[in-house]
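Trainee: Chains as they are written, first to last, in our numbering: chain A, -7 to 600; chain B, 3 to 274; chain C, 41 to 78.
By construction, the Cβ of each residue, glycine as well, lies at the ideal position given by its N, Cα and C atoms.
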Amino acid sequence: MKTGSWSKVWIPWLLLVAVAMLFGADLLAPDVAIAAEPAAAAEAAKAPAFPPAPKLSAADYPQIAGVNGRVAVWLAAQLHLWFAAFVLAVPIFVFVIEAIGMATRDERYDSLAYEFIKVSITAYSLTAILGGLLLFFLIIFYPHLFQYLATIFRKSMIYYALLFFAESGVLYLYYYGWHWLQGGFRKWMHLTLGLVLNAVGTTLMFLANAWVTFMMSPAGVDAAGVFSGDTWAAIHNALWNPINIHRVVANVAFGGSIVGAYAAYRFLNAGTAEQKAHYDWMGYTANFVAISALLPLPFAGYYLTAEIYAYSQQMGITSMGGIFAWLFIIQAVLIGTLFLSANYYLWCGMGRSDGAVRYNGYVKYLAIVIVGAFLVWFTPHTLVLTNEELKALGGPYHKFLGPLGIMPAKNIAVNTMIVFTTLSFLMYRRANKIPTVSWVKAGNAALAGLFAAGILNILFLGVYHGYFTNTVYKVASSIPQVLTTLTIIVVSTVIDTFMYRGAKEVAPLRWGRVPDRAQYALFLLAVAFTWLMGLMGYIRSGLRQHWHVTDIFRDASPDAFTPTLGYAANVVSVGALIFMALVIFVFWVSQVSARHTAAAGYWKAEAA
Amino acid sequence: MSNFLKVVVFSLLVIAFFAGFSNFGVPQIEPAPPPKEEKLELGAMTIDQFVALGKKLFEGKGTCTLCHNPVGGRAPLLDRAAAAAAERLNDPRYKGKAKNVEDYLYESMVAPSAYVVSGFGKAGTNDTESPMPDASSGSIRLSEAELRAVVAYLQDLSGVEVTVKIPTEVGTEQKAEAKPAQRPPAKNAEELIAQFACTACHKIGAQPGGPIGPDLSKIGATKDAEYLRRAILDPNADVAKGFARGLMPANYGEQLYARELEMLVAYLVALK
Amino acid sequence: MKDHLVPLVVAFAVCALVFLGLDYTIMKMMGLTLIYQP
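1. Examine chain E for any beta-carbon lying closer than 9 Å to the beta-carbon of Glu43/B, and answer yes or no.
2. Counting only C-beta atoms, is Val63/A closer than 9 Å to chain B at any point?
3. Decide if Glu380/A is buried, meaning its Cβ has at least 16 other Cβ atoms within 10 Å, or exposed.
4. Can you check the stretch 244 to 328 of chain A for any alpha helix (DSSP H) of at least 4 residues that lies completely inside it and give the ranges in chain order?
5. For the alpha helix (DSSP H) that Val659/A lies in, which residues bound it at each end?
6. Just tell me which of Ile481/A, Leu535/A, Phe128/A, Pro135/A has its CA closest to the CA of Leu319/A.
7. According to DSSP, is Val429/A helix, strand or coil?
8. Have a look at Ser304/A, Pro234/A, Thr476/A, Ile131/A and flag the residue whose alpha-carbon is nearest the alpha-carbon of Asn403/A.
9. State buried or exposed for Phe75/A, treating a residue as buried only when at least 16 other CB atoms are found within 10 Å of its CB.
10. Less than 6 Å between C-beta atoms, sequence neighbours within five positions excluded: which residues of the same chain meet that for Phe206/A?
11. Quick one: grab the DSSP three-state call for Trp5/A.
12. Report the three-state DSSP secondary structure of His44/C (helix, strand or coil).
13. Looking only at its own chain, which residues have a Cβ that is under 7 Å from the Cβ of Trp5/A, when we skip the five neighbours before and after it?
14. What did DSSP end up calling Glu381/A once you bin it into helix, strand or coil?
15. Can you find the residues in the same chain that come closer than 7 Å, C-beta to C-beta, to Val164/B, ignoring five residues on each side of it along the sequence?
16. Against chain C, which members of the stretch 242 to 254 of chain B pass a CB distance test of less than 7 Å?
17. Step through the CB atoms of chain A and report whether any lies within less than 9 Å of the CB of Pro133/B.
18. Between Ala548/A, Gly212/A, Tyr530/A, which lies nearest to His538/A when the distance is taken from Cα to Cα?
19. Is it the case that the Cβ atoms of Ala51/A and Phe129/A are separated by a distance below 9 Å?
20. Hey, quick one: how far does the alpha helix (DSSP H) through His72/A stretch, first residue to last?
21. By the 10 Å Cβ neighbour count, where 16 or more other Cβ atoms means buried, how is Leu258/B classified, buried or exposed?
22. Among residues of its own chain, excluding the 5 on either side of Asn424/A, which ones have a beta-carbon nearer than 6 Å to its beta-carbon?
23. Please tell me whether Phe460/A has its Cβ less than 9 Å away from any Cβ of chain B.
24. For Ala560/A, I'd like the list of residues in its chain whose CB is within less than 6 Å of its CB, leaving aside the five on either flank, ordered along the chain.
25. Is there at least one Cβ from chain B nearer than 9 Å to Leu57/C's Cβ?
26. Buried or exposed: which applies to Arg546/A, given that a residue is buried once 16 or more other Cβ atoms fall within 10 Å of its Cβ?
27. Cβ of Leu72/C less than 9 Å from any chain B Cβ?
28. Short of 9 Å Cβ to Cβ, which residues in the stretch 22 to 42 of chain B face chain A?
29. Where does Arg90/B sit, in a helix, a strand or coil, going by DSSP?
30. Counting only the same chain and skipping the five closest in sequence on each side, list residues whose C-beta sits under 6 Å from that of Tyr492/A.
31. Between the alpha carbons of Phe259/A and Val244/A, how many angstroms are there, rounded?
32. DSSP on Arg509/A, reduced to helix/strand/coil?
33. Does Glu163/B come out as helix, strand or coil in the three-state DSSP assignment?
34. Any Cβ of chain C within less than 9 Å of the Cβ of Ser430/A?
35. Could you name the residues of chain C that Ala440/A contacts, counting a contact when the two beta carbons are closer than 7 Å?
36. Could you spell out where the alpha helix (DSSP H) holding Val118/B opens and where it closes?
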């Protein structure tokens, strides 16, 4: 099959896959389709009525001496989620990298893809182990809650369990058959397996997301918690899709950062220049994946929060204006760390190219803007003051810094950070290249105009609508603001890609020529992503406060209290440490199978 | 090996920084504990116990301290509330119906806009509308007895005589003694609008109104009586474009008398 | 200098118009105007 005729294969293949998915979806979720029909609702009405949510007391929660059931469930859930995010993310970018390899016929991509999946293979069983642990802890410590949820979601739980056969089967074929399914038609089959792996994994996550979002924004039940029988209604609750989107994107960002940390470590320990070059390239690719997913992530989070507000004003206000407000300041610190770290890695990486010297002067301006945006991003609205300070200041808000604490300033800051990170990235890509197209001047002018006009638009929307109009306009203006940023990213990438088609290299890119501190930027990225995910896991669950299922099923356990931020941060930190230890184990195991010890004199001498 | 140690130490330091910032860099707010469904043994209570119950409610279920605290600046401090009440009753800005301190304090919880302390009104209302919700309904939903307990606490806090009599019944859903007398029907639409503080969210004609709900100044020109009636009784059935759901109270059907509803609808239809 | 300035100004003007158009359209879709009308 010649490279030039690949479009003849891609298109029919894509059509085949689309058709298969349509049928497959139908097979996988017949109940979903049935539940939506009115006939089934009548059938459900004839069936025995579902019980209301139980009213529990502290005695209904089993206690085991020396074990804090709530922390046990919390840690098991968070660890499971960390690993699940990882094993869902890896197949996504492995699929993309394998496809790129097939399109360019460059075997390095295929080897890289294989290496990514090899590194993560042990993580799959750990995900399952932790999922089982979570399940056991739920049944042991929260039996009534689990029974209530299982009653409502029993059909989806059966599918969930059965889907693991598909997940494992496809995964083993995909991984173990990598070198068998090579060339021609076999390679297409292999790529399809990768696609199926992603589809099954995503379905699994969507099902589990339904259970957890139901607890936050229940649907398909009445005020007493009596289930209507409509599983699809319970699945399709208000926060289901926002969480689905957010988790898919966040998984990729997180997964990329973990693999990047692996590559960074291997780089530091590399013995030969060739190894250094390979792991430098791997780290760069992983970081690229992580940052590409990081850029749209704030928007997914914003959508999720908007839906939380739409579902329940009180929940929304509690999260950002109430007791959890300071948590989002901590989140701001973490996100700032991510952006600074990612940009720092890019700037360090410019040293790989000889042509980067031309752009070195710009780095400090980018740094100033990004650090400035971060400072605005993390400025709180209300200051923590003593009574004397309050009197002196005349209120809890600082005259100049106070306005930086509210949403319009935050939106300007985050959009600015994203735009300037894009700029960093474009600069990195250009560093080693000399364009050969005829329209370079026009192209650069277009880019400059795009960024300048876009940044001014972001400022205009943020400042004018944010401070000189009313709440409705303020919130609404954030949509075009976001779209401006997305437009800048997409259009600038397109222009830049075309402008550097067939570009000359200043000198070959020297993979491996990057300082060690750049690798620490990758470690920082991985640790910060992990901790941030833990913090966000806490807020998602903590937002329910003393409800198992919001407004329907109260949490009457002795540990129902909403903890202080310090307490939550400590639990998250312990979890992060356990996760790091397990991940180190996962990476180490992936190396161990290649090691052979020559055990001289151990085995019986062979018969002559 | 040393690379391994360096990376581990680095990661531990990073985690320690985040944990440290969360423990020492931000205020450790203790969120309110889960509400306890307690049966109020009213018959056996002394007045001191009743006052203590009021304090507990003030700090807990009533969510009063969410706004009435020295940090937020969102609501007046209440440590001298009962003492100030006597002056307020004679203040020309007072719009309520209370005749004594106890009734004033009670009214300030269920009809907060009766008197808005200077500087604490909703933005743009010139201190005529209070941002405080009705503590007897919505998510706070204090019962009759609980409201009286909070009044008793506020009187005690200010150092004045506690005049509240401990009620014999809890009185949750039925507002049997809700107002000193059953609310007399409003005489005209303007009175109704003032009583139910519509302008807290809506601009209506010449009266200033908040931007939370649609401007009703010329609503009769675009909407008919049927639409307006439904909008009052079931606000979430058809939310105006650009406005949020779930904000307008959905219980006016239970609060308005039938004649008042028709009067209000006729008034709005005439706003062209 | 002018050689570089003209395409830049043109590009900026075009992009600014496009962005304002985007703003106007999105706000209109939400039932609002670009300039605040209380």
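Mentor: The answer reads as follows:
1. The structure shown contains no chain E; the protein chains it does contain are A, B and C.
2. no
3. exposed
4. 265 to 286, 289 to 303, 305 to 312
5. Only positions -7 to 600 of chain A appear in the structure, and residue 659/A is not among them; the question remains open.
6. Leu535/A
7. coil
8. Thr476/A
9. buried
10. Ala226, Asn229
11. helix
12. helix
13. Trp180
14. helix
15. Ile49, Val53, Ala154, Gln157, Asp158
16. Lys243, Gly244
17. no
18. Ala548/A
19. no
20. 61 to 96
21. buried
22. Ser345, Gly347, Glu497, Val498, Leu501
23. no
24. Tyr530
25. no
26. buried
27. yes
28. Gly22, Phe23, Ser24, Asn25, Phe26, Gly27, Val28, Pro29, Gln30, Ile31, Glu32, Pro33, Ala34, Pro35, Pro36, Pro37, Glu39
29. helix
30. Lys425, Pro427
31. 22 Å
32. helix
33. coil
34. no
35. Leu48, Ala51
36. Segment: none, Val118/B is in no alpha helix (DSSP H) and carries neither H nor E.
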